[in-house]
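Sequential numbering of the sequence shown, starting at 149, is according to the numbering used here. For every residue, glycine included, the Cβ atom is placed at its ideal position computed from N, Cα and C. Here is the structure we will look at.
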Amino acid sequence: NLYSRYSRSLQASRLRSRRGTPSMSSDLPQAKGWYGRSYLPHFDGGEIPQFITIRLADSLPQNILERWRQELAHDKITDADFRRRVEHYLDQSYGSCVLGDERVAKIVRDNLLHFDGVKYRLHAWVVMPNHIHFLAVPKEGHTLAEIVHSCKSFTAHEANNILSRSGRFWFPEPFDRYIRNYEHFEKTCSYIENNPVKAKLCKKPSDWPFSSAHFRLNKNK
């Protein structure tokens, strides 16, 4: 199940930590650890569970986002405050919300599932109208940055083709948070699968067709 898979990942990570950094082939990408591209820190820690949010380019008003960035830069709010504000706004379904188009949602869903067991182990996911959440553990030889870039690049190209449009599809920078322990893992899975309920899009998690809750229920039938 989800938690036993997480347990194996966590135990493997701890074992590697005790032994030191394993030698890897030079042609394999290396985890970056902590890094930043603009205004938020990111942690690329190899085979560690990660909670990732990717949102559409127009999912937040630019003036509001810039104001929050300034508050963050001047220490008026914390990283956690910034993330909470963004997540709350995303649930208001601002912007074009083209992920609400079933054709586009299928592209994103199928892409996430296609690489489960190849580039990462996928534990929970949801495709919302203007953003996606997923919890995954990168497999050896695949970095978080590579996984996110691959997902965004392919789905943006395919979605723009279907919608007969061009231009930026996804916002450049994702949110990512590494999972600290079992409790954090469980809460994150619950948060992801309950997001459509919280946003008042359905009554229970399994009602939302583009989610791991719905996928799991129908897979077990």
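According to DSSP, residue i sits in a beta bridge with which residue or residues?
{"i": "A284", "result": "Q198, L270"}
{"i": "F323", "result": "T201"}
{"i": "W216", "result": "W216 is not bridged to any residue."}
If I'm right that residue i touches residue j with Cβ under 8 Å, what's the distance once you round it to whole angstroms?
{"i": "L208", "j": "Y237", "result": "6 Å"}
{"i": "L204", "j": "V246", "result": "7 Å"}
{"i": "F140", "j": "L292", "result": "Residue 140 is absent from the structure shown; the chain starts at 149 and stops at 369."}
{"i": "E219", "j": "I225", "result": "5 Å"}
{"i": "V285", "j": "E214", "result": "Rounded, the Cβ-Cβ distance is 34 Å, inconsistent with contact."}
For the alpha helix (DSSP H) holding residue i, just list the boundary residues, first then last.
{"i": "E250", "result": "250-262"}
{"i": "D227", "result": "227-238"}
{"i": "N278", "result": "First-last for N278: undefined, no H or E at that position."}
{"i": "F317", "result": "Note, F317: premise wrong, no alpha helix (DSSP H); not H, not E."}
{"i": "T299", "result": "Note on residue identity: the sequence assigns Cys, not Thr, to residue 299. Here the alpha helix (DSSP H) through C299 covers 292-311."}
inquiry  = Using a Cβ distance threshold of 8 Å, determine whether the segment 268-275 contacts the segment 296-308, with at least three qualifying pairs required.
reply    = no
inquiry  = With three or more beta-carbon pairs closer than 8 Å as the criterion, would you say the segment 195-205 touches the segment 324-339?
reply    = yes
request  = Return the chain-ordered ranges of every beta strand (DSSP E) run that is complete within the segment 327-367 and spans a minimum of 3 residues.
outcome  = Runs of the beta strand (DSSP E) lying entirely within the segment 327-367, each at least 3 residues long, are absent.
request  = Kindly confirm or deny that the segment 262-269 and the segment 318-326 touch, where touching means at least three C-beta pairs closer than 8 Å.
outcome  = no
ask   = Does the count of Cβ pairs from the segment 341-357 and the segment 224-234 closer than 8 Å reach three?
value = no
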